[in-house]
Amino acid sequence: MNKNQLIKNLESKFISKKIENENKNYAGKTIFLGELVITFRTGKKTAIYPGHFIAVYKRHPYTNNTEPLLYTNYNYLIALSITDLKYSVFIFPSSTLLEQNIFSDQFSDQICGKGKTGFRVLNPHEISKKKKGNIIGKKNISMR
């Protein structure tokens, strides 16, 4: 199953979705499953660093600057990473991403408070080959 087939298969399970045009290079979507609100991204392989980069930002409506996502707007982030016909699905509760300073807990007219606009994940089958990819920000996160 190729990447597009896999994404379409996953999408068929959603109750409703909203495509995020600003994150279309990452197949960015907001998914609504009953009471749950999930943000979905596919990772992009980069030449320099191991793993896949996951973009998690929105644009401020007035300044057009990128901002970290507010954790109160989502219950989960689902990230899909594909390498050499192997794929991994990472499911992060928004509270975990807040603790790791990926999601933000503040908002002002200028910019969200702490938070990042992206991070890197490493497929489990790549862990023995690489050393950096399981780091989010500057902290190691256990992926169990």
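Take any residue in the sequence shown, count from 1 to its spot, add 787: that is its number in the working numbering.
Backbone N, C-alpha and C fix where the C-beta goes; we use that ideal spot for every residue, glycine too.
For THR826, the uninterrupted beta strand (DSSP E) run begins and ends at 823-829, by DSSP.
Burial state of GLY838 is buried, judged by a 10 Å Cβ sphere holding 16 or more other Cβ atoms. Residue state for PRO837 is assigned as coil, using DSSP reduced to three classes. Membership of LEU867 in the beta strand (DSSP E) is indicated by the continuous run 863-870. Here SER891 is near LEU857, since their CB atoms are less than 8 Å apart. When DSSP reads this structure, PRO880 sits in a beta bridge with TYR863.
Apart from sequence neighbours up to five positions away, the residues of its chain that approach PRO880 with a beta-carbon distance below 8 Å are ASN862 and TYR863, ordered along the chain. In this structure, DSSP gives PRO848 a state outside helix and strand, which the three-state scheme calls coil. In the three-state reduction of the DSSP assignment, LEU820 falls in the strand class, which pools E and B.
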